[in-house]
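Residue numbers (the numbering used here): 647 to 824.
What follows is the structure, given as structure tokens:
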């Protein structure tokens, strides 16, 4: 019985690994850089991301989302737990809710967008957290893409301290998918 359970567990792990997809992304702008990674299995997705601005600070988080196909598009709804470290304000945490949409346009192009928000009630040490991104990806090969888009990340601080706008501008980047 114990061996059958072990064999079933190993089989389930191997099947889910075969049905999963993963991606790595790096983008850069004049004022910020950002990196992200994601793993998707059977509609569930796990993400990790980081945004850095030399003058304003950092935001890093992990998230969980559920993907829902809408025709050719994929709508993802979920949340992120964020660690926020603005340079001129108090370090904080946020539970941001939101989602995104991805829509292929033919064989080589993909349009995407996402947004997350955390109000004061889901934040600690900060007033609110806002993140939005929209872009277009050109698939150079099946596993390599070039991205252009626009990203906005803002941390509203408490106690009269200045807000930290980590990202607010156009970017270029690359994406690897497996």
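The beta carbon of each residue, even a glycine, is placed where N, CA and C say it ideally should be.
(message) Measuring CB atoms only, is the segment 669–682 touching the segment 725–733, in the sense that at least three cross pairs come out at less than 8 Å?
(response) Flag = no, the segment 669–682 and the segment 725–733 do not touch.
(message) By the three-class DSSP mapping on this structure, what secondary structure does residue 660 have?
(response) Taking the first residue of the chain shown as 1, we reach residue 660 at position 14. Bear in mind that the predicted position of residue 660 carries a pLDDT of just 41, short of 50, making it unreliable; the figure below should be weighed with that in mind. In the structure shown, residue 660 sits in a helix (DSSP, three-state: H, G or I).
(request) Just the C-alpha distance for residue 769 and residue 783, rounded to the nearest angstrom, thanks. (result) Residue 769 sits at position 123 when you count from the first residue of the chain shown. Residue 783 sits at position 137 when you count from the first residue of the chain shown. Spanning the two alpha carbons is a distance of roughly 32 Å.
(request) Please go through the same chain and pick out, in chain order, the residues whose beta-carbon is closer than 6 Å to the beta-carbon of residue 720, but skip the five residues on each side of it. (result) Counting from one through the chain shown, the residue named residue 720 turns up at place 74. Within the same chain, residue 720 has close Cβ partners 713 and 748.
(request) Can you tell me which of the three DSSP states residue 766 falls into? (result) What you label residue 766 is simply residue 120 of the chain shown in a count that begins at 1. Looking at residue 766 - three-state DSSP - the assignment turns out to be helix.
(message) Out of 796, 739 and 816, which one is the CA nearest neighbour of residue 804?
(response) Residue 804 sits at position 158 when you count from the first residue of the chain shown. Residue 739 is the option with its Cα nearest to residue 804.
(request) Could you tell me how far apart the beta carbons of residue 758 and residue 746 are, in whole angstroms, since I believe they sit closer than 8 Å? (result) Locating residue 758 in the chain shown gives position 112, counting from the first residue. Locating residue 746 in the chain shown gives position 100, counting from the first residue. Right, their Cβ atoms sit about 7 Å apart.
(request) Please name the residue or residues paired with residue 676 in a DSSP beta bridge. (result) Locating residue 676 in the chain shown gives position 30, where the first residue counts as 1. Per DSSP, none; premise fails for residue 676.
(request) Evaluate residue 816 with the Cβ neighbour count: other Cβ atoms within 10 Å of its Cβ, from every protein chain shown; 16 or more gives buried, anything less gives exposed. (result) Against the chain shown, residue 816 aligns to sequence position 170. Only exposed fits residue 816, as fewer than 16 other CB atoms lie within 10 angstroms of its CB.
(request) With DSSP as the reference, label residue 654 as helix, strand or coil. (result) Locating residue 654 in the chain shown gives position 8, where the first residue counts as 1. Its pLDDT being 45, under 50, residue 654 is placed unreliably by the model, and the measurement read from it follows with that caveat. Note: residue 654 maps to helix in three-state DSSP.
(request) Just mark residue 699 as buried or exposed, buried being the case when its beta carbon has 16 or more other beta carbons within 10 Å. (result) The residue given as residue 699 occupies position 53 in the chain shown. The residue is buried, with at least 16 neighbouring Cβ atoms inside 10 Å.
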